[in-house]
Amino acid sequence: QILSDVRAQLQRLKPTEAYEELREPEVGAPTFLVDIRPADQRDEEGGITGALVVERNALEWKFDPRSHSRLKIADRYDLRIIVFYGSDSSSLAAYSLQQLGLLNAPNIIGGYCAWRDAGLPVDIPIRSTRSVLSLPGESLV
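The UniProt record's numbering puts the sequence shown at residues 1 to 141.
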């Protein structure tokens, strides 16, 4: 029920909509695509080309314009911050940003996997490449 209530208050974007918006933003504010997945998941699955990485546990204090630990880019409330992880986590994260006053914070429906499955630009994970190049029990380093 909580997730349904949260999503009712969010703008949610299909991966292709987010991609088009990043290429030609309709809003007059800076737009950022933010990957909030943990490092091990990014290493395993890869990432979205050009995404800003801010793990979920640091999201609020990195984007709150009042925070002393905020990112330099987070100096205004009209930023367009498109978050992704999986659908559930990114919905809650986007809602949390809205509670800070960052009202332009949608999430991507389906998260990273939906973006990748739509054939949109991704970075190949290095770990997967290494596993193909090495034999079991061998180290590349």
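All C-beta atoms in this analysis are idealised placements derived from N, C-alpha and C, irrespective of residue type, glycine included.
Under a Cβ-count criterion, where at least 16 other Cβ atoms within 10 Å of its own Cβ denotes burial, should residue i be classed as buried or exposed?
{"i": "N57", "result": "exposed"}
{"i": "P121", "result": "exposed"}
{"i": "G111", "result": "buried"}
{"i": "S4", "result": "exposed"}
{"i": "V54", "result": "buried"}
{"i": "S90", "result": "buried"}
Helix or strand or just coil, what does DSSP make of residue i?
{"i": "D43", "result": "helix"}
{"i": "D88", "result": "helix"}
{"i": "V6", "result": "helix"}
{"i": "N104", "result": "coil"}
{"i": "T31", "result": "strand"}
{"i": "V141", "result": "Low per-residue confidence applies at V141: pLDDT is 49, beneath 50, and the placement is therefore not dependable enough to give any value."}
{"i": "L79", "result": "coil"}
{"i": "D123", "result": "strand"}
{"i": "R23", "result": "helix"}
{"i": "L52", "result": "strand"}
{"i": "R12", "result": "strand"}
Closest by CA to residue i, which one among the options?
{"i": "residue 142", "options": "P65, I36, I2 and Y85", "result": "Since the first and last residues shown for the chain are 1 and 141, residue 142 lies out of range."}
{"i": "G28", "options": "L79, Y95 and N107", "result": "L79"}
{"i": "L33", "options": "H68, D43, G47 and P125", "result": "G47"}
{"i": "I82", "options": "T31, D88, T49 and G50", "result": "T31"}
{"i": "I2", "options": "L92, A118 and L100", "result": "L92"}
Practice prompt. Evaluate the contact criterion for the stretch 60-67 versus the stretch 12-20: three or more CB pairs, one atom per stretch, below 8 Å.
Written response: Because the criterion of three Cβ pairs below 8 Å is not met, the stretch 60-67 and the stretch 12-20 do not touch.
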